[in-house]
Amino acid sequence: MIQNLKYWLLIALAFPLLQPARAQNPFITNQFTADPTARVFGDRVYVYPSHDIPCGPGRGKVGWFCMEDYHVFSSANLTDWTDHGVIVTQNKVPWVKPDSYSMWAPDCVLRNGKYYFYFPTTPRDTTQGKGFRIGVAVADKPTGPFVPQAAPIAGVHGIDPNVFIDKDGQAYLFWSQGNIYGAKLKENMLELASAPKTLGELPTKGLKEGPYVFERQGIYYLTYPHVENKTERLEYATSTSPLGPFTVRGVLMDESPTGCWTNHHSFLQFRNQWYLFYHHNDLSPRFDKNRSIRIDSVSFAADGSIRKVQPTLRGVGLTDARQKIQLDRYSRLSERGATITFLDTANTFQGWKTVFAGTGGWVQYNGVAFGQQKPKTVMLRGASTTGATLQIRLDNAAGPLVAEVTVPKGGTWQNVNATVRFFKPGTHALHVAPTSGAVEVDWIRFE
């Protein structure tokens, strides 16, 4: 399995701009990604995650987190994502131990026309103490090239840097190492302007890390992963100032139901909607140190409290009806008769398929954008050992019949076309269910 993963990672690195359009979770599927910080620069969203890779002999610690570089991804619509390639790597930063494989959760902000990329890792020089340090790389564009500073930020020891710039222009750096700390930054964004302050009003039991601070309607939110039991859940506290004192408000995302040990996140407001970026081990369900980044919508109550976010596979954004619609990233799935499995368990980057055991199962996929022009046909990639017929309906099980697709007997993957019978302009949900036979579906697409 490791050899297969190495192959696909090499392919992803060789062709970084070939990331397919994704409007569902996880939204990057050609490599492992984690710890996403999302920022709006201009009219695009840029996501700066860490980059998990499989460890091996001479490369990190087997069975642990292994990261050697950072990519940046961008999108104008939260649906179509571009991988801009590697922006910082461990063996090209002067102060970094070049074989540490510990390029953990980063952040990036814009200040005075420059982009400042903050990252934690293991230093060459341990005379200033053991553990991680936090460095900065600077660029003229959000995609780089980024030039690392010669030394890490003085006076900062820890991981998970997060930078918040307040309305008055004052910048703050937050990070974690047992506790969560905050300090003012100088105008140059490279040095502390105040002594680190321990944000001590947070829970004392269990691991706390990954701070992310934002402001909304005069309320300052400190959000962070916290291990209350065995795995991390996302919690938050609020204040009237960036450095507190903070009041703990509660949980904004529960622990992973499948036992993924970590979660790490950021908040983003884009076109009048708030989003939570976070990670899960979708593409590596048996090993939670190889993770993948997700997005889901966020809403607030009238008093400013964050409504708990329920993770979805469908994610956010619209899917163009003329692109591949991955039904396995469903909005709703029947309790019986339909399951989701990997196309290839030895190469999970291939994605998933929907398996219908027979009639009675169904899947619903929301947010399909048809536009104004009627498509002539629908193509379905499917396989059936018995032969099967599926109905595609608009909106729900009782909706108009869009098309009926017959997958011939054979058991191998086939692309099958059917005539579109009904069309309604706009954005709709699709409801797909077999009326006969057992069948597997990879994707559908209108043409």
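Residue numbers for the sequence shown, in mature numbering (1 follows the signal peptide of the UniProt record, and there is no 0): -23 to -1, 1 to 424.
The C-beta atom is built at its ideal place from N, Cα and C for all residues, glycine as well.
Values in this document were obtained by computation on a predicted structure and should not be read as measured data.
Within the same chain, and ignoring the five residues on either side of MET80 in sequence, the residues whose Cβ sits closer than 7 angstroms to its Cβ are SER27, MET44, GLU45, ASP46, TYR47, GLN67, PHE96 and THR98. Taking a C-beta distance under 8 angstroms as the contact criterion, GLN126 and VAL113 qualify as a contact pair. Excluding residues up to 5 positions away in sequence, ALA(-1), ASN54, THR56, GLY344, VAL345, ALA346 and THR404 lie with their Cβ nearer than 8 angstroms to the Cβ of LEU295 in the same chain. With at least 16 other beta carbons inside 10 angstroms of its own, TRP339 counts as buried. Distance between PRO83 and GLY337, taken at the CA atoms: about 46 angstroms. About 5 angstroms separates the CB atoms of ILE64 and VAL49; that is less than 8 angstroms, so the two are in contact. At the C-beta level, ALA128 and PRO122 stay beyond 8 angstroms of one another.
Between the stretch 182 to 199 and the stretch 127 to 144 there are three or more C-beta pairs closer than 8 angstroms, enough to call the two in contact.
Annotation for MET356: the continuous beta strand (DSSP E) segment containing it runs 354 to 360. Three or more beta-carbon pairs drawn from the stretch 380 to 391 and the stretch 354 to 370 are found closer than 8 angstroms, and the two stretches are therefore classed as touching. CA-CA distance, THR215 to ALA380, rounds to 51 angstroms. For LYS174, the three-state secondary structure derived from DSSP is strand.
In the DSSP annotation of this structure, the continuous segment of the beta strand (DSSP E) that includes TYR197 starts and ends at 196 to 204. As a beta-bridge residue in DSSP terms, VAL124 pairs with VAL115. Taken through DSSP and simplified to helix, strand or coil, GLN147 comes out as coil. With respect to ALA334, ALA415 sits close: the two C-beta atoms are nearer than 8 angstroms. With a cutoff of 8 angstroms on beta-carbon distance, SER261 and PHE4 are scored as not near each other. By alpha-carbon distance to PRO119, the top candidate from ARG291, ARG101 and TYR92 is TYR92. By alpha-carbon distance to PHE254, the top candidate from GLN287, THR217 and ASP76 is GLN287. Across the structure, ASP265 and LEU220 are spaced so that their CA atoms are roughly 33 angstroms apart.
Closest in alpha carbon position to ALA131, among GLU168, ASP280, TYR158 and ARG101, is GLU168.
GLU209 is classed as buried because its beta carbon has at least 16 other beta carbons within 10 Å across all chains shown. Using a 10 angstroms sphere on the CB of PRO377, the tally of other CB atoms stays under 16, which defines it as exposed. Taking 8 angstroms as the cut-off, the beta carbon of TYR197 is found no closer than this to the beta carbon of PRO173. Contact between ASP29 and ASN267 is confirmed by a C-beta separation of about 5 angstroms, below the 8 angstroms threshold. In the DSSP assignment, ASN394 falls within the unbroken beta strand (DSSP E) covering 391 to 396. For PRO219, DSSP assigns no beta-bridge partner whatsoever. Buried is the label assigned to GLN341, since at least 16 other Cβ atoms lie within 10 Å of its Cβ. Contact annotation: the stretch 302 to 321 touches the stretch 271 to 291, with at least three C-beta pairs closer than 8 angstroms. Residue pairing by DSSP places HIS405 opposite VAL345 in a beta bridge. DSSP places THR322 in no beta strand (DSSP E); its state is neither H nor E.
Taking the CA atoms as reference points, THR331 sits about 14 angstroms from ALA365. Residue pairing by DSSP places ASN258 opposite no residue, since no beta bridge is assigned to it.
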